[in-house]
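*Asks:* Here it is, the structure in full.
Protein chains: 2
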Amino acid sequence: MTELRPGDASLLRKVNTQVTLRALRREGVTTLTRLGRVTGLSRQTVEAVLDELGERGYVRELPPDEGVMGRPARRFAFRADAGHVVGVEVGGDAVVAALADLDGEVIAWERAAVSGDAAAHERLEAAGRTALKCVDGAGLARRRIWAVAAGTPGIVDRTGRVSLSLTLPGWTGVDLAGLAGRWFGCTALAANDANLAALAEHWRGSARHVSDLVYVLLGHRAGAGILIGGRLHQGRRGAAGEIGTLRQVGWERAVRELVEGGSAAEVFAAALAGDRAAVRRVDRYAEQLAVGASALALAVDPDLLVLGGGHARAGDVLLDPLRRHLAELCVNAPEVAASTFGDEGVAMGAVRLALDHVEREMLGL
Amino acid sequence: MTELRPGDASLLRKVNTQVTLRALRREGVTTLTRLGRVTGLSRQTVEAVLDELGERGYVRELPPDEGVMGRPARRFAFRADAGHVVGVEVGGDAVVAALADLDGEVIAWERAAVSGDAAAHERLEAAGRTALKCVDGAGLARRRIWAVAAGTPGIVDRTGRVSLSLTLPGWTGVDLAGLAGRWFGCTALAANDANLAALAEHWRGSARHVSDLVYVLLGHRAGAGILIGGRLHQGRRGAAGEIGTLRQVGWERAVRELVEGGSAAEVFAAALAGDRAAVRRVDRYAEQLAVGASALALAVDPDLLVLGGGHARAGDVLLDPLRRHLAELCVNAPEVAASTFGDEGVAMGAVRLALDHVEREMLGL
DNA sequence: TCCACTTATGCTACAAGCTTACTTATGTCG
DNA sequence: CGACATAAGTAAGCTTGTAGCATAAGTGGA
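As you go down the protein sequences, you meet chains A and B in turn. What the first sequence shows, in my numbering, is residues 1 to 365, in sequence order. What the second sequence shows, in my numbering, is residues 1 to 365, in sequence order.
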C-alpha cells in the first residue's frame with residue numbers, strides 16, 4: 001500500500017499549497033478573498049501560500065481591477081510560462097513533437113518523416129532534431145524546458161527503455177528516456193504510444209469524465225493502453241495492453257487482411273460509399289478487432305473504450321460494426337468512442353506525462 | 001483524480017494517528033519511546049495519540065516489563081478484540097463463514113452445505129444462519145460485529161447487488177449486501193468471489209509482496225479477480241476479470257470437458273500416477289485455461305498469476321502444463337503460483353474487505 | 001543497605017501553521 | 001464630499017508539533 005510518513009506542520013503547508021494552486025489554475029485570474037472562499041482556507045493562509053509561490057516564480061500578481069465597488073482586490077494568476085515541457089512521438093514513419101507551457105497549452109508543433117526501416121540511431125537523431133527545432137523555432141531558450149516525454153510503439157519498461165519492439169529495426173534495447181534526457185539536459189520519460197494516447201484522451205479528449213479507460217490504437221499496427229482510476233497502468237514490465245500479440249486475437253493479421261485490397265483509407269471510403277465487398281472487408285476487420293477489444297473490456301470492464309490511430313478516422317464506418325461485434329461478445333459491452341485527437345494524440349499524451357512529472361516536482365515530491 | 005481538501009491542524013493528527021496505529025500493530029506490544037523512534041514522531045506526540053486511541057478503546061496499556069535496566073517503560077498494545085468482522089462465502093454448493101478480530105485472526109469457522117439448485121431465498125437463509133451460528137458459537141455478542149462482507153460467484157456491482165449470475169438459480173438481482181446488513185445490523189459489503197480470493201492472496205497468501213495480481217478461480221466454474229496497485233479492481237459494473245465468458249476463451253467448456261471422464265480430483269490423481277489419457281486430458285484443460293489466462297496476463301501484465309479454487313489443489317500436475325502453455329502464448333509470461341488457501345480463500349478475502357472498511361471508519365473517513 | 005548507572009517519563013519552552021474577530025484602507029456612487 | 005462596499009492588514013488564540021532538561025524508577029554490584 002502507500003507508504004505513510006509522519007507529518008509535521010510543513011505537511012499542512014504542502015497540502016494547502018497544492019489546494020491553492022489547483023484552485024488558482026482552475027479559476028484563472030482570481031482575487032485573494034475569492035481564493036479563500038473557493039478553497040475553504042482563510043485569506044491569511046492563501047496569502048502566505050501565494051507569497052511563497054510568487055517567490056518561486058509560479059505565481060504573478062496583476063494590477064487590481066478598476067471600476068468595481070469597494071477596495072480593489074489584489075489579483076493573482078498562475079504563471080503558465082514559468083516552465084515548459086516537450087512531448088514527442090517517435091513513430092514508425094514520423095516524428096511529432098509538441099512544445100507546451102505549464103497549462104498544457106501547445107505553443108508549437110514540429111513534424112518530420114522517418115523511413116519505416118531507418119536504423120535506430122537515425123530515428124533517434126530525427127527525434128532529437130525535431131524536438132530541438134520545435135523549441136528553437138518558438139524562440140524559447142532550451143534551458144526553459146523542464147521535462148521531456150517520448151512515446152513509441154513497443155514495450156517500454158519503467159525506466160523508459162524499449163524492452164521489446166517487433167516493428168522498428170534495432171529499436172529493442174534502446175534507452176529512449178536516457179537519450180531524450182540529453183536533448184535539453186532535463187529529466188526525460190518514455191512510455192508506450194498507446195498508453196500515452198490514452199492519457200491524452202483522459203486529459204482533454206473523449207474520456208474526460210471517466211476513470212477507467214481502454215484505448216485501442218489502430219494503424220500500421222494495433223496496440224492498447226489502459227488507464228485505471230485515471231492513472232496509467234503499465235504493468236510489471238510496461239507490457240499491459242499488449243493483447244494484440246496473442247495469436248488467437250490476431251490483430252496483426254487483421255491489419256494485414258484489411259489492406260490487402262488497397263490502402264486502409266480507400267477501403268473505408270469505399271465502404272462508406274456502399275461498396276458491398278468493402279463493407280464486408282471492414283466488417284471482417286471489426287470482427288477481428290472485437291475479439292481482442294472484448295478480451296480487454298472483459299478483463300478491465302472500463303467505463304469507456306476509445307479507438308484512436310489512423311484507422312479511427314474512418315469514424316462510424318468502422319465503429320458501428322465494431323460496436324455490434326462487441327455486443328455479441330461481451331456480457332455488457334462498454335461504450336465505444338472515437339479519439340478526439342488525430343495523429344497528435346501520442347505527443348499530447350507525452351506532454352501530459354511530462355507535466356505530471358513537473359507538477360509533482362513543483363510541490364516537492 | 002483524488003479530491004483534495006484543505007487541511008487544518010486536525011489533518012496532521014489524523015495522519016499521525018494512522019502512522020502510530022500502523023506501527024503499533026506491526027510491532028505488537030511496544031513501549032512509548034520505541035514507538036517514537038520507529039515512527040519518527042516525538043514521544044509526546046505518540047503519547048497524545050495513544051491517549052486518544054485508548055479512550056476510544058482501540059489501545060490498551062499493559063503493566064510494565066520487569067527485570068530490565070532503567071526506568072520501566074509504559075507498554076501499549078492494539079486491542080484486536082475491540083471489534084470483529086465476519087466474512088462469508090456464499091457459493092454454489094456451500095456456505096463458509098469466518099469470524100475474525102481486528103487483527104484478522106480468525107476466531108471461528110462455520111460451514112454449511114447448500115444444494116446447487118437451491119432457490120435464492122434458501123441460499124440466503126443458509127448464509128445468514130451460518131454467519132449467526134459462527135458468531136454465537138464463539139460466544140460473542142452479535143452487536144460486537146462491526147462489518148460483514150460476502151463473496152459470491154457472478155457479477156456484483158458496487159452497491160453489493162448481484163447484477164448477473166449464470167450459475168445460481170434466482171441469484172441475479174439479489175441485493176446481497178443489503179440483506180447481509182440485516183444479519184448483525186451493521187454495514188455490509190459484497191463482491192465477486194474471485195475478487196475476494198485475490199484480496200486474500202495479497203493479504204496473507206502467495207501474493208504478499210506483489211502489487212499487481214491476477215487470480216484465477218478454478219472449480220465448478222472459472223472466474224478471475226484483479227488487484228492493481230494492491231487494490232481491488234472491480235471495473236465499471238464489477239465485471240472486471242469476467243473473461244471466461246468470452247466464447248473464444250471457453251473456460252466453461254474447458255471445465256465441462258475435464259470432468260467428462262470422472263471427477264476432477266480423479267483425473268488429476270490419474271495424471272499424477274502417470275496415466276497417459278489423464279495427462280492428455282489435463283494438458284488439454286491447461287491449454288484451454290491458458291488462452292484466457294494469457295489474455296488476462298497480456299491485458300494487465302501482472303507481477304503474479306495465482307491459481308485457486310478446487311482444481312488448484314492438484315498442484316504442479318496442473319500448474320506445470322499451464323506454465324508451458326502460457327509461455328507459448330505470452331511475450332513474457334508472469335510467474336504462476338498456487339493459492340495458499342484451500343476453500344477458505346473467499347471467506348478470508350471477505351474478512352479482509354470488511355476489515356478495510358472498518359479501518360477506514362476507525363480513523364474517521 | 002546503599003550508591004552508581006540506565007532508561008523512560010514529565011515538564012517547560014517554543015515554533016509553525018491555521019482561524020477568528022476587529023480595525024483600517026481604498027475604491028465607487030449619489 | 002460623505003455614505004457605502006469590499007478587501008486588506010493586524011492581533012490574539014488554538015492546535016499540533018519538536019527539543020531540551022530535570023526527575024523518577026528500576027537494576028546490579030560493593
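Virtual Cβ for every residue (Gly too), placed ideally from N, Cα, C.
#1: Would you identify the three-state DSSP class for Leu-318/A, choosing helix, strand or coil?
#2: In chain A, what lies closer than 9 Å to His-202/B by C-beta?
#3: With a 10 Å radius around its C-beta and 16 neighbouring C-beta atoms as the bar for buried, classify Thr-17/B as buried or exposed.
#4: Counting only Cβ pairs nearer than 9 Å, list the residues of chain B close to Ala-240/A.
#5: Going by DSSP in three states, Ser-165/B sits in which element: helix, strand or coil?
#6: Could you tell me the boundaries of the beta strand (DSSP E) in which Phe-76/A lies?
#7: Quick one: what's got a C-beta closer than 7 Å to Trp-366/A's C-beta in the same chain, skipping five residues either side?
#8: Is it the case that the Cβ atoms of Ala-100/B and Val-114/B are separated by a distance below 8 Å?
#9: At a Cβ cut of 8 Å, what residues of the region 155-181 of chain B count as close to chain A, listed as they run along the chain?
#10: Who are the neighbours of Gln-288/B on chain A, taking C-beta pairs under 8 Å?
#11: By the three-class DSSP mapping on this structure, what secondary structure does Leu-289/B have?
#12: Using only alpha-carbon positions, find the residue among Gly-139/A, Glu-252/A, Glu-89/A that is nearest to Ala-127/A.
#13: Between the C-alpha atoms of His-220/A and Glu-125/A, what's the straight-line distance to the nearest angstrom?
#14: Between the region 7-22 of chain A and chain B, which residues of the former have a C-beta closer than 8 Å to a C-beta of the latter?
#15: Starting from Leu-11/A, trace the alpha helix (DSSP H) both ways and give me its first and last residue.
#16: Just checking: is the beta-carbon of Thr-245/B within a distance shorter than 8 Å of some beta-carbon in chain A?
#17: Output, in chain order, the set of chain B residues within a Cβ distance shorter than 8 Å of His-334/A.
#18: Under the assumption that Gly-345/A contacts Gly-308/A (Cβ atoms under 8 Å), give the Cβ distance between them as a whole number of angstroms.
#19: Are the C-beta of Thr-39/B and some C-beta of chain A separated by less than 8 Å?
#20: Find the nearest neighbour of Glu-47/B within the set Leu-21/B, Leu-258/B, Ala-286/B, Gly-364/B, judged by alpha-carbon distance.
#21: Strictly under 8 Å for the Cβ-Cβ distance: is Ala-190/B near chain A by that measure?
#22: Thinking C-beta only, is Leu-213/A closer than 8 Å to Ala-207/A?
#23: Please classify Met-69/A as buried or exposed, where buried requires at least 16 neighbouring CB atoms within 10 angstroms.
#24: Assuming contact is defined by CB atoms lying nearer than 8 Å, are Thr-33/B and Ala-23/B in contact in what I supplied?
#25: Considering only residues of the same chain and omitting the five flanking positions on each side of Thr-31/B, which have a CB-CB separation below 7 Å?
#26: Are the region 323-330 of chain B and the region 174-194 of chain B in contact at 8 Å, needing three or more beta carbon pairs?
#27: Report the rounded CA-to-CA distance for Arg-253/B versus Ile-243/B, giving the unit in angstroms.
#28: Distance, Cα to Cα, Leu-217/B vs Ala-224/B?
#29: Under 8 Å, do Gly-137/A and Ala-118/A count as touching if we go by C-beta distance?
#30: Is it true that the region 295-314 of chain A meets the region 49-66 of chain A, where meeting means three or more beta-carbon pairs spaced less than 8 Å apart?
#31: Please tell me whether Ala-147/B and His-357/B are closer than 8 Å, where the distance is taken between their beta carbons.
#32: In chain B, which residues lie with their C-beta within 9 Å of the C-beta of Val-291/A?
#33: Kindly provide the ranges of any alpha helix (DSSP H) runs that are 4 or more residues long and lie completely inside the region 165-247 of chain A, ordered along the chain.
#34: For chain B, check one thing: does any of its Cβ atoms lie closer than 8 Å to the Cβ of His-233/A?
#35: For Glu-335/B versus Leu-304/B, is the C-beta distance shorter than 8 Å?
#36: For a test of the three-state rule: what should DSSP assign to Gly-57/A, helix, strand or coil?
*Replies:* In terms of the structure at hand:
#1: helix
#2: Result: empty, since nearest Cβ-Cβ is about 10 Å, beyond 9 Å.
#3: buried
#4: Asp-212, Leu-298, Ala-299, Val-300, Asp-301, Pro-302
#5: coil
#6: 75-78
#7: With chain A covering only 1 through 365, there is no way to say anything about residue 366/A.
#8: no
#9: Ile-155, Leu-164
#10: Near Gln-288/B there are no residues of chain A at all, since even the closest Cβ is about 11 Å away, more than 8 Å.
#11: helix
#12: Glu-89/A
#13: 22 Å
#14: Gly-7, Asp-8, Ala-9, Leu-11, Leu-12, Val-15, Asn-16, Gln-18, Val-19, Arg-22
#15: 9-27
#16: yes
#17: Sequence check: residue 334/A is Pro here, not His. Neighbours of Pro-334/A on chain B, chain order: Arg-236.
#18: 5 Å
#19: yes
#20: Leu-21/B
#21: no
#22: yes
#23: exposed
#24: no
#25: Ala-73, Arg-74, Arg-75
#26: no
#27: 13 Å
#28: 6 Å
#29: no
#30: no
#31: yes
#32: Leu-246, Gln-248
#33: 176-184, 193-204
#34: yes
#35: yes
#36: coil
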